[in-house]
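Read the structure below first, then the notes.
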Amino acid sequence: MKTHSLPSMDYYRQRAFTLIEMLVVMIIVAMVVTLVMQGFGYSLGLYQRVVKTQSNAYQQAFAYRWFTTTLQSQVAMRPKDRGLEGNQFQFSTYTYAPLVGSAGLKTRIAWELETKGEQFVLGYREGERQFVVNTWVGAKGQFQYMDVENNWRDLWVPQKEEPTALPKAIRLQVYQGDELLNYVVITETRTRAIITAEEKVYGRE
């Protein structure tokens, strides 16, 4: 007759130890998974911030490029011919480098600043075409114009006694929190209107 011996205490100890090991492994795995997920979440958030920053940087670079292109090819006009006119929030002028029309043709354009809710908007207008070039959240800003004495002015409306029809430079300042964006465009074309031979003899009206 066969007899069955009861499991020894060592058997129960080994089994209990195995269960403890499994619990420890499960806890370690859970901790590793938690750390990995946290790291993934942080990396994803960092990636999204980097992408957003790069996107904003590219957009601002394009905005400055378009702003510069149109203003470096301005046309100096006599006051009676309605040359550059502007204040802190908008100005219009003639340019040979419009964003929409054909380059080389004298075209009337306008740059405008407007606050829409929390958005501070830089807009461009050319004839019937009008579109947003860039936006900043919670910002404010202004246009300014440099005269012949290198002073920045908030208003530019040339009069007959003005020595130049165009400012030496135009700048767009955008204040966003503690950050100041300063877009300065130097006038590369002549700042005085062309004087005809008749005007040289008889003077201007």
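So the number in our numbering is just where the residue sits in the sequence shown, counting from 1, plus 1. All C-beta atoms, glycine included, are put in the ideal place defined by N, C-alpha and C.
Nearest-angstrom beta carbon gap, E119 and V138 [assumed within contact, 8 Å]: Position 137 of the sequence shown, counted from the start, is the residue given in the question as residue 138. Position 118 of the sequence shown, counted from the start, is the residue given in the question as residue 119. Going by Cβ atoms, the distance from V138 to E119 rounds to 6 Å, so yes, they are a contact pair.
By how many angstroms is the C-alpha of R130 removed from the C-alpha of R191? One-based indexing of the sequence shown puts residue 191 at position 190. One-based indexing of the sequence shown puts residue 130 at position 129. For R191 and R130, the gap between their C-alpha atoms comes out near 27 Å.
Compare the Cα-Cα distances from N88 to each of A104, E115, R66 and report the closest residue. One-based indexing of the sequence shown puts residue 88 at position 87. Measuring from the Cα of N88, the nearest candidate turns out to be E115.
Where does M147 fall in DSSP's three states? Within the sequence shown, numbered from 1, the residue matching residue 147 stands at position 146. M147: strand per DSSP, three-state reduction.
CA nearest to the CA of V175, picked from Q61, E127, V33, V76: Counting from one through the sequence shown, the residue named residue 175 turns up at place 174. When each option's Cα is compared against that of V175, the closest is Q61.
Quick check on the DSSP output: the beta strand (DSSP E) that includes A111 runs from which residue to which? Start at 1 with the first residue of the sequence shown, and residue 111 comes out as number 110. Taken as a continuous stretch (DSSP letters only), the beta strand (DSSP E) holding A111 covers 108–117.
State yes or no: is the beta carbon of G87 nearer than 9 Å to at least one beta carbon in chain D? Included in the structure is just one protein chain, with no chain D present.
For G124, the residue or residues it bridges with in DSSP: Residue 124 sits at position 123 when you count from the first residue of the sequence shown. DSSP lists E113, V133 as partners of G124.
Could you have a look at V185 and say whether DSSP puts it in helix, strand or coil? Residue mapping note: residue 185 aligns to position 184 of the sequence shown, counting from 1. Looking at V185 - three-state DSSP - the assignment turns out to be strand.
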